[in-house]
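To keep things clear, I will list the structure first and then write my remarks on it.
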Amino acid sequence: MEFAIYLTAGIANGSLYALMALGLVLVYQTQNFVPFVNGEFFTAGAFLGFTAFRTLALPYALSFGAAILCGALLGLITERVVIRPIARSHHLSLVLVTAGASIALQGVARARWGDDIYTFPPIFAGQAVDVAGIPISLQNLTVVLVTASLSAVMFVFFARTKLGKQMRAMSQSLAGAEIIGINPVRVYRLTWALSGAVGAAAGVLAAPFMLLYPDMGGIILLKGFAAAVLGGLNSVAGAILGGLAIGISEQLVGGYVGTVYIEISAFVVIIAVLLIRPQGLLGTSTVGRV
Amino acid sequence: MGALRQNWWLPIAIVGAFSIPLLADSYSQYVVNLVLVNVVVAIGLNIVMGFAGQLSFAHSAFMGIGAYATVLLMSRVGLPFILALPLAGIATGLLGFLVGLPAVRVRGLYLALLTIAFLSFCSWVFVHWKEVTLGSTGMRVPRVSVGGIPLATDQAKYYAILAATAVMVWLATAIVRSRWGRAFVMVREVELAAQANGINVMTTKAIAFGISAAYAAVGGGLFALAIDFLVPSSFGLLQMVTQFAMVLIGGLTSIVGAMIGALLLSILPELLREFRGAEEIAYGVLIVVFILFMPDGIAGLLRRRGWLPRPALLSRRLEGLRPGISSTGAHGLLPVRKASAEGASQR
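Chains A and B supply the protein sequences, listed in that same order.
Counting in this note's numbering, the final residue of the first sequence is number 1409, and the numbers go up one at a time with none missing.
Counting in this note's numbering, the final residue of the second sequence is number 1526, and the numbers go up one at a time with none missing.
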């Protein structure tokens, strides 16, 4: 019973990490680097959802949609302002430029919201459904269902659609992709809009569980890194699996070892995976050449 | 005579440096002390990031380890500051060497992720290892005296910090010119060629990490002396971003650049303290602007103007060939191979 409760909580949290990881994998699939700005998409989703739901008193579904749209817009702006001008330089420059954008956006959030801590009111006050004797809150269920449907869409998108295939082609060889007529700018735009939307979706879904403050994205971004690294940076299925694995293991560590250790389990996973199996569980390793 | 003519600025700088405490009040003296601390820290980051070309987020963690180690060696072991500081530097340097060892297998992006996990892990330890660090309540730094002279005022501390900084700057210029310094650049530029020339890539990268960690630790120890009180939040991600901003703005692969960056970014937050969030916005925007428009930083500008010597390690011909290092401001601040046809096989 205890185990089942940890498991369900782990799956719900893990779904959020999986969504974060998905946003990172999207960018990695096209541009071969991991962006550091996605934590701010998460924060933006949470705060915009808060504004729409609490301040403007819109219905939750509408707030959710508005937050995702704004996330997509923020992704587009990020792409235009900081990514596109140096899209062809070394991937470590891109990492640093997104880290810079991330800290600037944190500052913007702090200028607007201050150092206060906000709470998002629960959407489904204490309602739960019984699944085989285990109570699962509707809130958790929503998170899991939204994640499942978003990742299914993503999966089909990469595997089946032309645009998804174009994105993967670009990550393999930018010049080759251009030669066969793929427009990189169009693909970058789409990537970042999707990445922003997924990040914001995670934020607005997580908001009722979390305290809202300007730096809230940092820790969740690290969990997303851990999930993506564990699953393999170039695998959508890996991101989902990695997210769930991290979410569940955190709850188990918290339940059986001590809650203090919840915070570090993600970092320990990153360190262990990179030292033992750098390509992750489902990722494919690229042959290094000079 | 020639040496004197070339280094005409040196006596002026020495007289200037010694007279600062006569003019400064306690607060501005404190800011000057922080500038010197950041010079040491930024030079360390520049060695691993600029010269050896490894993107590391671990630097602020090493700074924290050095700060705590220095203070603990004084308070628990009873060592004088003048011994505790170098010991903390050496110990952290060894730790940095160990952290750098995987860098041969775990590269580029993965190394960045590995080091950011290390940083987060260390931040957690600083907060939760309460028996040693006293956690978030913070730790008071014991009164420091050097050679029987108590360093009670910011002015007195200044001379100690100035001496340590001078030694570290001198050491850095020596390291960069040594065979290790050349090996760093070679490993950054063409790893395979470095190997072919008999450079052990693994130890070279690890040594770069070790040296930079030692610099961070000495900087951390001096930081403890300058601010008198240690809290874990001083050595987190914001500190790391500040340090990135210092080396990027000053200019990678330049010791003088690191010093310029440290100077500017130690003073900037003091000016922005009044406005909520302004500090972060300023750092973020500066990092973005410099990467986009001036990837070789202020040092690059000075080099183009001829006010700083060009890097002796790269011939002008090679500079022209390699888009990243070229002084014309092409993009790519780190080991540069432009994403192109071979993009997929880079990592």
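Idealized CB from N, CA, C, for every residue including glycine.
Residue i classed as buried or exposed, judged by whether at least 16 other C-beta atoms fall within 10 angstroms
i: threonine 1316/B; result: exposed
i: phenylalanine 1155/A; result: buried
i: threonine 1217/A; result: buried
i: asparagine 1376/B; result: exposed
i: glutamate 1121/A; result: exposed
i: glycine 1318/A; result: buried
i: tryptophan 1359/B; result: buried
i: phenylalanine 1386/A; result: buried
i: aspartate 1234/A; result: exposed
i: arginine 1367/B; result: buried
i: tyrosine 1247/B; result: buried
i: tryptophan 1232/A; result: buried
i: alanine 1391/A; result: exposed
i: leucine 1497/B; result: Because leucine 1497/B sits at a pLDDT of 41, beneath the cut-off of 50, its placement in the model cannot be relied upon, and the following sentence gives the value as read from the coordinates. With fewer than 16 Cβ atoms within 10 Å of its Cβ, leucine 1497/B is classed as exposed.
i: valine 1201/A; result: buried
Helix, strand or coil at residue i [DSSP, three-state]
i: aspartate 1234/A; result: coil
i: serine 1433/B; result: coil
i: leucine 1331/A; result: strand
i: isoleucine 1378/B; result: coil
i: isoleucine 1299/A; result: coil
i: aspartate 1204/B; result: coil
i: phenylalanine 1408/B; result: strand
i: proline 1254/A; result: strand
i: proline 1502/B; result: Confidence at proline 1502/B is low in this model, with a pLDDT of 40, below 50, so the placement of that residue is unreliable and no value is reported for it.
i: valine 1248/A; result: strand
i: arginine 1358/B; result: helix
i: proline 1329/B; result: strand
i: arginine 1229/A; result: helix
i: methionine 1365/B; result: helix
i: arginine 1207/A; result: coil
i: serine 1254/B; result: helix
i: serine 1290/A; result: helix
i: serine 1235/B; result: coil
i: alanine 1518/B; result: Because alanine 1518/B carries a pLDDT of 37, less than 50, the predicted location of this residue cannot be relied on, and no value is offered for it.
i: arginine 1279/A; result: helix
i: arginine 1286/B; result: coil
i: methionine 1120/A; result: coil
i: methionine 1473/B; result: coil
i: threonine 1324/B; result: Just to set this straight, residue 1324/B is serine in the shown sequence, not threonine. Of the three classes helix, strand and coil, the one that applies to serine 1324/B here is strand, per DSSP.
i: arginine 1308/A; result: helix
i: arginine 1396/A; result: coil
8 Å Cβ cutoff met for residue i and residue j
i: isoleucine 1124/A; j: valine 1263/A; result: no
i: arginine 1250/B; j: methionine 1347/B; result: Arginine is not the amino acid found at residue 1250/B; the sequence shown has valine there. Taking 8 Å as the Cβ cut-off, valine 1250/B and methionine 1347/B do not qualify as a contacting pair.
i: glutamine 1422/B; j: serine 1239/B; result: yes
i: valine 1220/B; j: threonine 1344/B; result: no
i: alanine 1393/B; j: glycine 1268/B; result: yes
i: leucine 1215/B; j: isoleucine 1328/B; result: no
i: threonine 1187/A; j: alanine 1267/A; result: Sequence check: residue 1187/A is isoleucine here, not threonine. No; because the gap between Cβ atoms is not below 8 Å, this pair is not in contact.
i: leucine 1138/A; j: alanine 1321/A; result: yes
i: alanine 1203/B; j: valine 1211/B; result: yes
i: leucine 1400/A; j: leucine 1360/A; result: yes
i: glycine 1279/B; j: phenylalanine 1363/B; result: no
i: glutamine 1148/A; j: phenylalanine 1344/A; result: no
i: glycine 1158/A; j: glycine 1337/A; result: yes
Closer than 7 Å: residue i CB and nearest the ligand SAH heavy atom
i: alanine 1457/B; result: The model on display carries no ligand, and the ligand SAH is accordingly not part of it.
Proximal chain D residues relative to residue i, where beta-carbon distance stays under 7 Å
i: histidine 1238/B; result: Among the protein chains of the structure shown, namely A and B, there is no chain D.
Discussion item. So, does the segment 1189 to 1198 of chain A touch the segment 1309 to 1317 of chain A, judging by three or more C-beta pairs under 8 Å?
Written reply: yes
Discussion item. Counting only Cβ-Cβ distances shorter than 7 Å, please list the residues of the segment 1297 to 1329 of chain A near chain B, keeping chain order.
Written reply: none
Fill in: Positions along the segment 1359 to 1384 of chain A whose CB lies within less than 8 Å of some CB in chain B
Val1379, Glu1382 and Ile1383
Worksheet item: How about the segment 1213 to 1229 of chain A and the segment 1446 to 1453 of chain B: do they share at least three Cβ pairs that are nearer than 8 Å?
Response: no
Worksheet item: According to a CB-to-CB cut-off of less than 7 Å, which residues of the segment 1342 to 1355 of chain A neighbour chain B?
Response: Phe1344 and Val1348
Worksheet entry | Within 8 Å of chain A by C-beta, residues of the segment 1275 to 1295 of chain B in sequence order | Pro1281, Arg1284, Val1285, Arg1286, Gly1287, Leu1288, Tyr1289, Ala1291, Leu1292, Leu1293 and Ile1295
Worksheet item: Should the segment 1253 to 1262 of chain B be called in touch with the segment 1382 to 1393 of chain B, which here means at least 3 C-beta pairs below 8 Å?
Response: no
Discussion item. Across the segment 1344 to 1351 of chain A and the segment 1362 to 1373 of chain A, are there enough close Cβ pairs to call them in contact, namely three or more that are closer than 8 Å?
Written reply: yes
Discussion item. What are the residues in the segment 1200 to 1220 of chain A lying within 7 Å of chain B by C-beta distance?
Written reply: Val1201, Pro1204, Ile1205, Arg1207, Ser1208, His1209, His1210, Leu1211, Ser1212, Val1214, Leu1215, Val1216, Ala1218, Gly1219 and Ala1220
Worksheet entry | At least three beta-carbon pairs within less than 8 Å, the segment 1409 to 1428 of chain B to the segment 1438 to 1449 of chain B | yes
Discussion item. Count Cβ pairs between the segment 1303 to 1310 of chain B and the segment 1386 to 1404 of chain B that sit closer than 8 Å; are there 3 or more?
Written reply: no
Item to complete: Decide if the segment 1225 to 1235 of chain B is in contact with the segment 1285 to 1298 of chain B; the criterion is three or more beta carbon pairs, one per stretch, under 8 Å apart.
Response: yes
Worksheet item: If you measure beta-carbon to beta-carbon, which residues of the segment 1138 to 1167 of chain A are closer than 8 Å to chain B?
Response: Asn1151, Phe1152 and Val1153
Worksheet item: Taking Cβ-Cβ distances below 9 Å as the criterion, which residues of the segment 1199 to 1217 of chain B are in contact with chain A?
Response: none
Worksheet item: Would you call the segment 1271 to 1287 of chain A and the segment 1159 to 1177 of chain A touching, i.e. three or more CB-CB distances under 8 Å?
Response: no
Discussion item. If the cut-off is 9 Å on Cβ atoms, which residues from the segment 1321 to 1342 of chain B count as contacting chain A, listed in chain order?
Written reply: none
Item to complete: Closer than 8 Å, Cβ to Cβ, to anything on chain A: give me those residues from the segment 1432 to 1444 of chain B, in chain order.
Response: none
Practice prompt. Note down, in chain order, all residues in the segment 1299 to 1316 of chain B with a beta-carbon under 8 Å from any beta-carbon belonging to chain A.
Written response: Ser1299, Phe1300, Trp1303 and His1307
Worksheet item: What residues in the segment 1245 to 1272 of chain B bring their beta carbon closer than 8 Å to a beta carbon of chain A?
Response: none
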